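The structure appears below as structure tokens.
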Amino acid sequence: MSSVRKILRDDQWQKLAPLLSGKAGDKGRSGQDNRLLIEAVLWIVRTSSPWRDLPAELGNWHTTYTRFKRWGEAGVWQRIVDAVSHDSDMELLMIDSTIVRAHQH
7 MSSVRKILRD DQWQKLAPLL SGKAGDKGRS GQDNRLLIEA VLWIVRTSSP
57 WRDLPAELGN WHTTYTRFKR WGEAGVWQRI VDAVSHDSDM ELLMIDSTIV
107 RAHQH
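The structure is reproduced here in structure tokens:
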């Protein structure tokens, strides 16, 4: 991620990592890089950009979107929100639909 600034600090990542799917020891296929996915999603939210504009260093936009969607269906994002909603160190990561601009496509 040379030209894209990291959004998560290492201490924030350490709190999120155990909540995510696809880590070693989980059933099914392991994710390539959960931190990269989180960084990509936060970049999308922060910039209000369409998925197709995701910088290449954050991963393939379609693969990232597909994984984002699967995590939503599996309840991963809800687990994250539940876990960080009472943590003042994570308050800047909270996302709500009133601040996220929607795109027609």
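Under the numbering used here, the first residue of the sequence shown is numbered 7, with each subsequent residue one higher.
Glycine is no exception: its CB is placed at the ideal position from the N, C-alpha and C atoms.
Predicted model, so just to flag it, every value in this text is computed and none were measured.
With 16 other Cβ atoms within 10 Å as the buried cut-off, status of residue i
{"i": "Ala46", "result": "buried"}
{"i": "Thr69", "result": "exposed"}
{"i": "Ser91", "result": "exposed"}
{"i": "Arg15", "result": "exposed"}
{"i": "Arg58", "result": "exposed"}
Same chain, Cβ closer than 6 Å to residue i, neighbours up to 5 away in sequence not counted
{"i": "Gly112", "result": "The chain is shown from 7 up to 111; residue 112 falls before or after that span and cannot be answered."}
{"i": "Ile86", "result": "Leu25"}
Coarse secondary structure for residue i, derived from DSSP in three states
{"i": "His68", "result": "helix"}
{"i": "Pro61", "result": "coil"}
{"i": "Arg15", "result": "coil"}
{"i": "Val10", "result": "coil"}
{"i": "Pro56", "result": "coil"}
{"i": "Gly78", "result": "helix"}
Close beta carbons around residue i, own chain, < 7 Å, minus the five adjacent residues each side
{"i": "Trp83", "result": "Trp77"}
Distance cut-off 7 Å: residue i Cβ against heavy atoms of the ligand FMN
{"i": "Asn66", "result": "No copy of the ligand FMN occurs in the structure displayed, which carries no ligand at all."}
Neighbourhood of residue i by C-beta, 8 Å cutoff - its chain only, sequence neighbours within 5 removed
{"i": "Ala80", "result": "Ser27"}
* **the stretch 52-64 touching the stretch 76-92, judged by at least three CB pairs closer than 8 Å** => no
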